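Only one structure is covered here, and it is reproduced in the block below.
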Amino acid sequence: MEQHQRYNQLKNGGDEEAATLVFVWTNRGCYRRRRPKILSFLLLSLLSCGFILAPHFFSFSSALSHLYFFGVQNDGLAGDLDVNAPVCSSISNGSVCCDRSHFRSDICFMKGDIRTHSPTSSVFLYSPKNSDDNVSSTVDGDELQHEKIKPYTRKWETSVMATIDELNLISKRRNSDVDHSCDVIHDVPAVIFSTGGYTGNVYHEFNDGIIPLYITSQQFDKEVVFVILEYHDWWVMKYSDILPHLSSYPPLDFNGDNRTHCFTEAITGLRIHDELTVDPILMKNNESIVDFRNLLDRAYRPRITGLIRKEQEKTSGCALATPKRMHNQPKKPKLVILSRKGSRAITNQNILVKAAEEIGFEVHVLRPEPTTELAKIYMELNSSDVMIGVHGAAMTHFLFMRPRCSVFIQVIPLGTDWAAETYYGEPARKLGLKYIGYKIGRRESSLVDEYDKDDPVLTDPSSLNQKGWEYTKKIYLERQTVKLDLTRFRKRLLRAYDYITRISSPVSAFGLMKCDSLDTTHT
């Protein structure tokens with residue numbers, strides 16, 4: 001896991017005294033609102049609520065709130081643990097229970113009279129007046145329990161966790177002198193998480209944020225409110241197609257909203273299973289990464305339909321519009337090159353395009369920018385048969401390809417073998433893509449012009465990586481470009497072409513339909 005820590009540091013933007021009670025109607029009824037006053041650690045770990053955790057999964061009982069059905073992230077420990085042991089399953093009303101046993105993230109559960117207080121970065125849980133003080137030793141006066149948590153899924157990476165806002169989860173007696181009256185009352189649970197850290201890097205936005213949010217919230221069937229620390233308007237806008245498929249309610253800006261929001265249940269922190277994946281064994285209804293990908297399809301479909309209509313309106317009546325393909329003219333497989341500029345760019349990309357076209361591909365070159373609308377990238381890749389790209393965060397877009405009928409070719413520069421396989425190769429296979437990893441030779445790297453042929457930079461990259469993250473970053477990620485050996489790489493293109501021509505790929509215009517089988521003829 002030390003490699004994780006070294007490598008991932010790069011993979012990175014008036015008070016009112018009166019309160020008026022109103023009702024806000026939703027598609028599932030209404031909720032009351034008040035207008036504002038404005039690798040693994042231990043096989044068994046002691047939970048902060050006083051229970052002993054036997055990690056990995058727990059049995060679900062209809063007698064328990066569905067709030068507590070969670071699988072545990074796959075951090076390489078599954079072998080000898082009791083997979084049926086409960087995690088915070090016996091939490092009582094008025095209790096806080098934190099599971100801190102896992103390598104990737106902490107997660108805390110609260111149940112009862114829950115009230116946010118953003119000025120003190122706190123969430124209070126008020127216990128009944130006759131609560132048993134033995135539940136937890138008195139911390140400070142009326143405080144019964146005080147937990148601290150940074151709700152971000154890179155717990156093991158201390159450098160980035162140092163930048164994450166910490167939240168106080170405080171259980172107090174109800175008769176405390178400092179009660180915070182409710183401005184907004186919610187009748188659905190809250191999931192509280194941070195969009196700080198490496199947010200701004202598409203890999204981390206999906207791996208550390210969107211997919212864990214799916215894992216954590218899926219059980220609620222959208223009847224959940226997202227409460228976000230380090231809230232970014234641009235993040236909410238960027239994922240505005242996806243978020244309504246996870247929650248029926250607008251997300252809350254914890255730091256920017258000083259109103260007291262009240263809930264009866266809350267989860268702070270997110271579950272994460274592995275790199276860019278969903279483990280069905282750990283999900284209540286056995287959802288997998290394919291189910292997550294299907295959610296993306298539903299999320300982007302309306303926007304893509306609008307983009308298609310707009311394009312049709314622009315070209316209808318244009319005398320120079322490209323004529324439609326004849327009915328009996330075969331459709332060429334579509335190959336998309338995710339292009340880079342600067343480090344890890346393919347310097348002979350124009351020759352690569354010609355080589356692919358000669359084999360029979362229809363080639364599209366796509367260079368996503370930070371401001372490129374995700375729906376447009378989705379539309380391009382969802383309709384593709386093959387994607388080629390050099391290892392980097394943009395490879396996260398393999399999630400937009402169609403499972404069971406697409407090929408992902410990752411060009412792997414010197415010194416990036418482990419990361420390329422861990423972050424993109426294995427996750428792509430789990431999604432059901434045909435994955436082809438192309439490890440470049442020394443002569444295909446620009447580093448051959450900077451170092452002697454016997455230098456460890458060229459002959460033994462792993463020894464350089466072991467020296468520390470700065471070596472990996474400065475040499476292999478920031479200073480290396482790729483000049484493909486097209487004679488050698490052409491074999492991968494032919495493999496991809498042969499694979500695509502042997503499988504079914506019945507897509508409609510702009511690729512809105514998915515493959516159903518590997519065994520039928522490609523049309």
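Residue numbers (UniProt numbering): 1 to 523. Glycine residues also receive a C-beta, built at the ideal position from the N, C-alpha and C atoms. Quantities reported herein were computed from a predicted structural model and do not represent experimental measurements.
Which residue from the options puts its Cα closest to that of residue i?
| i | options | result |
| --- | --- | --- |
| L270 | Y300, T371, S105 and E230 | S105 |
| E143 | P119, S171, T422 and I164 | S171 |
| G197 | A190, E205 and V191 | E205 |
| T116 | S127, C262 and R488 | C262 |
| I267 | L276, D183 and L167 | L167 |
| K238 | H180, S181 and E373 | E373 |
| I114 | D165, I185, L296 and Q466 | I185 |
| D257 | L307, E230, R173 and K332 | E230 |
| L486 | S95, T260, F124 and V353 | V353 |
| H102 | Y499, E157 and S122 | E157 |
| D221 | M161, S463 and L295 | L295 |
| P189 | R495, E265, P427 and T120 | E265 |
| G437 | P427, F408, S463 and Y451 | F408 |
| Q145 | R173, T120 and S121 | R173 |
| N255 | Y499, I351, T199 and H232 | H232 |
Using a Cβ-Cβ cut-off of 6 Å (strictly less than) and excluding sequence neighbours within five positions of residue i, which residues of its own chain qualify?
| i | result |
| --- | --- |
| H66 | Any answer about H66 is weak, because its pLDDT of 42 lies below 50 and its placement is not dependable; what the coordinates show is given next. Once the five neighbours on either side are set aside, the close Cβ partners of H66 are Q219. |
| R429 | Y435 |
| I107 | D99 and G269 |
| V365 | I337 and S339 |
| K483 | T347, N348 and E444 |
Output the distance between the C-alpha atoms of residue i and residue j, rounded to the nearest integer angstrom.
| i | j | result |
| --- | --- | --- |
| A393 | T472 | 16 Å |
| C88 | R479 | 48 Å |
| H391 | I412 | 6 Å |
| P368 | L213 | 24 Å |
| E313 | S383 | 20 Å |
| Q410 | L276 | 16 Å |
| V457 | T347 | 20 Å |
| I503 | I304 | 25 Å |
| residue 524 | K310 | With the chain running from 1 to 523 in the structure shown, residue 524 is simply not present. |
| V386 | T422 | 20 Å |
| P330 | I388 | 23 Å |
| W234 | D454 | 47 Å |
| F93 | H180 | At residue 93 the sequence reads Asn, which differs from the Phe that was named. Cα-Cα distance, rounded: 19 Å. |
| C97 | S127 | 14 Å |
| S118 | I91 | 25 Å |
| D253 | K491 | 51 Å |
| T459 | I475 | 14 Å |
| K284 | L464 | 43 Å |
| L414 | A420 | 11 Å |
| Q466 | T416 | 12 Å |
| N418 | A345 | Looking at the sequence provided, one finds Trp at residue 418 rather than Asn. If you take the alpha carbons of W418 and A345, they lie about 19 Å apart. |
| A375 | L282 | 29 Å |
| R495 | G342 | 29 Å |
In the DSSP assignment, what residue or residues form a beta bridge with residue i?
| i | result |
| --- | --- |
| L169 | V123 and E147 |
| H364 | V336 |
| D99 | I107 |
| K410 | Note on identity: in this sequence residue 410 is Gln, with Lys being the wrong assignment. Answer is G389 and G437. |
| D485 | For D485, which the question treats as bridged, DSSP gives no partner whatsoever. |
| F193 | I228 |
| S445 | V482 |
| A266 | M110 and A190 |
| M117 | Here residue 117 is His; the residue named in the question, Met, does not match the sequence. S122. |
| D291 | Looking at the DSSP assignment, D291 forms no beta bridge with any residue, so it has no partner. |
| T277 | D274 |
| I346 | V482 |
| L252 | V227 |
Could you name the residues of the same chain whose beta carbon sits closer than 7 Å to that of residue i, not counting the 5 residues immediately before and after it, in chain order?
| i | result |
| --- | --- |
| V290 | P403, L431 and G432 |
| T216 | V191, I267, L270 and R271 |
| A356 | L335, V363 and L493 |
| R293 | L399, P403 and L431 |
| E287 | Q218, V278 and P280 |
Can you tell me whether residue i sits near the ligand SAM, meaning its C-beta is under 7 Å from at least one heavy atom of the ligand?
| i | result |
| --- | --- |
| L243 | As presented, the structure is devoid of all ligands, the ligand SAM included, so that no description of it is given. |
Examine chain D for any beta-carbon lying closer than 8 Å to the beta-carbon of residue i, and answer yes or no.
| i | result |
| --- | --- |
| R303 | Absence of chain D from the displayed structure is noted, only one protein chain being present. |
Leaving aside the five residues before and after residue i along the sequence, list all residues of the same chain whose C-beta is less than 8 Å from its C-beta, in chain order.
| i | result |
| --- | --- |
| K148 | E166, L167, N168 and L169 |
| S194 | K150, P151, Y152, I164, D165, I228, L229 and E230 |
Handout entry: contact_flag[the region 403-411, the region 349-367] where n(CB pairs < 8 Å) is 3 or more
Key = no
Problem - Given 8 Å, three or more beta-carbon pairs between the region 206-216 and the region 142-155 - result: yes
Practice task
Could you say if the region 296-312 and the region 240-250 meet the contact criterion of at least three C-beta pairs nearer than 8 Å?
Solution key: yes
Practice task
State whether the region 474-489 contacts the region 443-450, with contact taken as three or more CB pairs (one from each stretch) at a distance under 8 Å.
Solution key: yes
Handout entry: Given 8 Å, three or more beta-carbon pairs between the region 219-235 and the region 246-259
Key = yes
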